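First comes the structure, then the notes that go with it.
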Amino acid sequence: MMGAYMMFYASVLFGFPWLAAVIFGIALTALLGVGIEKVAYRPLRKYPRINSLVSSIGMSFLLQNFAVVVFGGIQRSFPVPEMMKKTIILGEVRIQSVSIYTIIFSILVVLLLTFILQKTRIGLAMRILSTDFDTARLMGINVDRTISFTFALGSALAAVSAVFYALRYPQIFPFMGQYPGSRAFIAAVVGGIGSIKGALVGGFLLGMLTVLLPAAFPEYSGYREALIFALLVIVLVFKPNGLFGQEAGEKA
Numbered sequence: 002m003m004g005a006y007m008m009f010y011a012s013v014l015f016g017f018p019w020l021a022a023v024i025f026g027i028a029l030t031a032l033l034g035v036g037i038e039k040v041a042y043r044p045l046r047k048y049p050r051i052n053s054l055v056s057s058i059g060m061s062f063l064l065q066n067f068a069v070v071v072f073g074g075i076q077r078s079f080p081v082p083e084m085m086k087k088t089i090i091l092g093e094v095r096i097q098s099v100s101i102y103t104i105i106f107s108i109l110v111v112l113l114l115t116f117i118l119q120k121t122r123i124g125l126a127m128r129i130l131s132t133d134f135d136t137a138r139l140m141g142i143n144v145d146r147t148i149s150f151t152f153a154l155g156s157a158l159a160a161v162s163a164v165f166y167a168l169r170y171p172q173i174f175p176f177m178g179q180y181p182g183s184r185a186f187i188a189a190v191v192g193g194i195g196s197i198k199g200a201l202v203g204g205f206l207l208g209m210l211t212v213l214l215p216a217a218f219p220e221y222s223g224y225r226e227a228l229i230f231a232l233l234v235i236v237l238v239f240k241p242n243g244l245f246g247q248e249a250g251e252k253a
């Protein structure tokens with residue numbers, strides 16, 4: 002949500018070119034993520050993880066209501082470049098060009114994220130840190146810097162998601178992130194927290210339940226939300242760590 006607003010004002014208020022506005026919004030959102038980590042998470046590291054969870058929920062509400070006060074609660078039209086307004090016709094099928102761009106860019110982002118986590122020193126540090134803080138410190142890893150980078154990366158990815166969501170539904174408002182955010186969380190839990198492959202599979206399963214199943218069986222479209230949470234409950238009962246999640250002792 003914050004990334005979409007930052008890009009909106011950079012483009013509309015300051016006259017940035019569209020691509021420059023996107024980069025500006027992503028960069029500012031990454032910096033915002035680093036600041037939030039320092040204020041809302043770093044002081045709670047020595048306490049049970051539930052404290053950080055409660056803090057994250059509180060920060061989410063704080064940002065949403067901050068946006069209401071600063072930006073106003075009304076919907077604003079998000080600038081969409083002409084190349085993403087086109088409709089591609091394949092026989093009887095109509096595909097919006099923004100959907101194609103979203104798929105292509107999502108694949109590129111996943112590949113980039115996989116490369117960072119698997120092939121770079123900072124990615125190795127992130128994976129070690131997710132297992133054990135003490136082990137990470139003994140290996141000479143700068144814990145604060147690694148966590149700050151993680152928050153910056155995660156916030157930047159959230160900004161990218163917000164931009165493409167706003168391109169698909171070109172209206173932005175303070176609470177626009179609630180629905181996709183909750184679904185992204187469910188997809189991550191179903192697939193397995195910490196697993197990129199799990200997040201992809203979880204997202205695919207949710208897409209099947211929310212789009213393809215109602216299209217194939219319109220009479221069951223009213224049960225879409227119930228099916229999503231039923232899937233979450235079933236996975237947590239039989240696979241508490243998610244479909245591709247690992248036990249704490251198995252993480253590398």
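Numbers given in our numbering equal positions in the sequence shown, counted from 1, plus 1. Note that beta-carbon positions come from the ideal geometry of N, C-alpha and C, so glycine has one too. Given the structure is predicted, the values throughout are model-derived calculations rather than measurements.
Grab the span of the alpha helix (DSSP H) containing V70 for me, first residue to last. That run of the alpha helix (DSSP H) goes 50-72.
Locate the alpha helix (DSSP H) running through T103, then write down its first and last residues. That run of the alpha helix (DSSP H) goes 98-120.
Chain-order list of residues whose beta-carbon lies under 6 Å from that of P82 (same chain, five-residue window excluded): Only residues of its own chain outside the window of five on either side were considered, and among them W19 have a CB closer than 6 Å to the CB of P82, listed in chain order.
Give the straight-line distance between the Cα atoms of L232 and I117, rounded to the nearest whole angstrom. C-alpha separation (whole angstroms): 31 Å.
Using the Cβ count rule (16 or more neighbours within 10 Å means buried), how would you classify V23? By the neighbour-count criterion, in which 16 or more other beta carbons inside 10 Å mark a residue as buried, V23 falls on the buried side.
In the structure shown, what three-state DSSP assignment does S196 receive? Three-state result, S196: coil.
Note the first and the last residue of the continuous alpha helix (DSSP H) segment covering T136. Here the alpha helix (DSSP H) through T136 covers 134-139.
Neighbourhood of G250 by C-beta, 6 Å cutoff - its chain only, sequence neighbours within 5 removed: Per-residue confidence for G250 stands at a pLDDT of 49, beneath the threshold of 50, marking its modelled position as unreliable; the derived number appears in the next sentence. Residues of the same chain with a CB within less than 6 Å of the CB of G250, apart from the 5 flanking positions on each side, do not exist.
Do you know how far the Cα of I235 is from the Cα of A282? The first residue shown for the chain is 2 and the last is 253, placing residue 282 beyond what the model contains.
On the DSSP letters alone, give me the boundaries of the alpha helix (DSSP H) that T147 sits inside. Note, T147: alpha helix (DSSP H), 144-169.
Between the CA atoms of R95 and G199 - distance to the nearest angstrom: Those two C-alpha atoms are separated by around 30 Å.
Please determine if the segment 24-39 and the segment 172-188 are in contact, where contact requires at least 3 C-beta pairs separated by less than 8 Å. Taking 8 Å as the limit for Cβ pairs, the verdict is that the segment 172-188 does not touch the segment 24-39.
Exposed or buried, what is S78 when buried is set at 16 or more other beta-carbons lying within 10 Å of its beta-carbon? So S78 ends up on the exposed side.
State the Cα-Cα distance for the pair V13 and L210, rounded to the nearest angstrom. Between V13 and L210, the C-alpha separation is close to 37 Å.
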